[in-house]
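For the sequence shown, the numbering used here assigns the number -11 to the initial residue and increments by one for each residue that follows. Quick reminder that beta carbons are idealized off the backbone N, C-alpha and C, glycines included.
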Amino acid sequence: MQFRDLKKQYRMLKEDIDSAMLNVVEASNFISGQQVNELEKELAEYVGVKHCITCGNGTDALSMMMMAWNIKEGDAVFVPDFTFFASAEIVAFEGATPVFYDVDMDTFNADVESLEKAILAVKKEGKLVPKAIIAVDLFGQPSDYDRLEEIAKKYDLLLLEDGAQGFGGQIGTRRACSFGDAATTSFFPAKPLGCYGDGGAIFTNDDQIAEYLKSIRVHGKGSFKYDNVRIGWNSRLDTIQAAILLVKLKAFKEFELKAVNNFADNYTVLLKDIVKTPVVAENMYSSWAQYTIQLASKEERNGLQDYLKEQGIPSMVYYPKAMHEQIAFSGNKKYVECPNTKRLCDIVLALPIHPYMENEYIKVSEAIKEYLSSH
Ligand SMILES: *Cc1c(COP(=O)(O)O)cnc(C)c1O
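Now the structure itself:
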């Protein structure tokens, strides 16, 4: 059994993907080919924002927004304690300080009260300048942007949506990657919309920021490539990845998103009485980057994971360590306690899910039932 079956997805889309890749090779327009523009246009339209700027990966996308907002030493950027390392790493990389806030036990996303406490603690201490909030759409579900946008406004902070796992999600009719002042996503192969290597994108309605991002992704270019008006770097999406993404975006819109939601619903029906299943908040739609259950204890979680492995069922622990517990951040001050994150790290388990599943979810659910009824 595959955790996320990319080989099967390729087999299903092979004809179109092969011809898209070969077209790029034949035209040999490997960098900045017209497929990149086409993809940016389609992505912006789908998400419902004015500009999409593709780049080398989801981490670069976040970093480029830190650069665009001139986040620097002495600034505080608020980051969830329960996320992938990159969400916080890019803050420290600019010399600024990531300040961690706790997450909600049901949605795994921002606990807005904890965030507000962290903002007040930083303000009260008076050492760092609060600049921005990063919210993460963990496991595919958007964060609560109605409340996050309010908090950002109240404290005059910029709001960045890290939608690396959230592409395809919705709040009401608004799509993920359209919230806050800017949003980023990742096309890492296992993300909801993945390419065949590294890739990422930034979404914004701000014309000036969009121009700035297009400049810094190609060495701070001005009117042309050898006119350099600022210090930038090299972070472009390859044409071949854009060509693949155009094919995959079509499948994503036409059936993958529906299919993965169907499998998530099926899991929930089979598992809701025996474990804590993921909660999709009212008015929210998830793109199910992960289907994450919660067990009663660390021992139970680890025991179940071992048992599933014996049955040939892969599962993953996202994430085993809180950001504030990472050695890389061991020098960082704790502004608020994050008990929910600490607990989640011990009890979460992500199960196999992807749009090309068949009946595997039944085998997985039965194995979980067997293990829990005998322990
Ligand atoms: C994957 C991920 C990233 C980084 O994306 P890459 O394309 O791997 O650089 C950032 N934030 C979150 C929440 C992620 O899951």
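Beta-bridge pairing of residue i - partner residues as DSSP gives them
i    : result
Q314 : Beta-bridge pairing links Q314 to no other residue.
C40  : F191
E149 : A123, A171
Y273 : Q158
R163 : Q158
D63  : V117
Where residue i falls: helix, strand or coil (DSSP)
i    : result
V268 : coil
V305 : coil
T173 : strand
Y279 : strand
K322 : coil
N222 : strand
A338 : strand
V206 : strand
N290 : helix
N216 : strand
I19  : strand
D261 : coil
D134 : helix
S51  : helix
K179 : coil
E346 : coil
R331 : helix
Closer than 7 Å: residue i CB and nearest ligand 1 heavy atom
i    : result
L50  : yes
D45  : One point to set straight first is that residue 45 is Asn, not Asp, in the sequence displayed. Indeed, a heavy atom of ligand 1 lies less than 7 Å from the Cβ.
D150 : yes
A8   : no
S75  : yes
S203 : no
D186 : yes
S275 : no
K179 : yes
T71  : yes
S131 : no
V124 : yes
Q229 : no
Q314 : no
| With a cut-off of 8 Å, do at least 3 Cβ pairs link the region 163 to 179 to the region 16 to 25? | no
| request: Jot down the residue ranges of each uninterrupted beta strand (DSSP E) in the region 65 to 128, minimum 3 residues, whole runs only, in chain order. | output: 85 to 89, 117 to 124
| Contact between the region 117 to 135 and the region 269 to 285: three or more CB pairs below 8 Å? | yes
| query | Are there three or more Cβ pairs, one per stretch, closer than 8 Å when the region 74 to 81 is compared with the region 93 to 101? | reply | no
| field | the region 250 to 260 contacting the region -7 to 7, beta-carbon criterion three pairs below 8 Å | value | no
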